[in-house]
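Numbering (the working numbering), first residue to last: 832 to 978. Below is one structure, written out as structure tokens; comments come after it.
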């Protein structure tokens, strides 16, 4: 996934997120900092949120089930990956029981791939995320550094 793909998915899900949260078009436009006219055009597929708008949507509605289903987990993970290429953090995860498949294990670390976005991450033995990337070569390099 790249930024364009992320934006396209956000554009496509905008109306569903609005309905999920029981927002009128006026209220949704206000929340996103856009006009109702622009919101309608985005919902009809004639305009786009753009990068900033897609990030805003995913930030404001970070608990949206629609977004979680769309991005295979919390959308902020994908945002950080797209913003910084390779992203390191030590956040506790649930171990990838729903959106992740195990790719490789080495010592106390495992590599997983998201089944929706196809990005990779390394988890330690207590399911903390060490790093994430769309670049498998980077993940392999980091795994070798860690072991």
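Beta carbons: idealized from backbone N, C-alpha and C, even for Gly.
Apply the 10 Å Cβ neighbour rule to residue i and answer buried if 16 or more other Cβ atoms are within range, or exposed otherwise.
i, result
"residue 953", "buried"
"residue 849", "buried"
"residue 927", "buried"
"residue 921", "exposed"
"residue 895", "buried"
"residue 912", "buried"
"residue 902", "buried"
"residue 944", "buried"
"residue 957", "exposed"
"residue 840", "buried"
"residue 915", "exposed"
"residue 842", "buried"
"residue 884", "buried"
"residue 948", "buried"
What residue does the beta strand (DSSP E) around residue i start on, and which one ends it?
i, result
"residue 967", "Unbroken run through residue 967 is the alpha helix (DSSP H), 967 to 977; no beta strand (DSSP E)."
Please state whether DSSP places residue i in a helix, a strand or coil.
i, result
"residue 959", "strand"
Quick one: what's got a C-beta closer than 8 Å to residue i's C-beta in the same chain, skipping five residues either side?
i, result
"residue 861", "none"
"residue 959", "921, 922, 923, 924"
"residue 891", "862, 863"
"residue 893", "905, 906, 907"
Tell me the residue span of the alpha helix (DSSP H) that contains residue i.
i, result
"residue 859", "856 to 863"
"residue 880", "Taken as a continuous stretch (DSSP letters only), residue 880 belongs to no alpha helix (DSSP H), as it is neither H nor E."
"residue 846", "834 to 851"
"residue 868", "867 to 874"
Skipping 5 residues on each side, what residues in its chain have a beta carbon closer than 6 Å to that of residue i?
i, result
"residue 815", "Lying before the first or after the last residue shown, residue 815 is absent from the chain, which here runs from 832 to 978."
Within a Cβ cutoff of 7 Å, which residues of the same chain sit near residue i, ignoring the five residues on either side of it in sequence?
i, result
"residue 859", "849, 870"
* Asked: Where in the region 884 to 957 do unbroken runs of the beta strand (DSSP E), each at least 3 residues long, occur, reported from the N-terminal end onward?
  -> 917 to 919, 931 to 937, 940 to 945, 951 to 954
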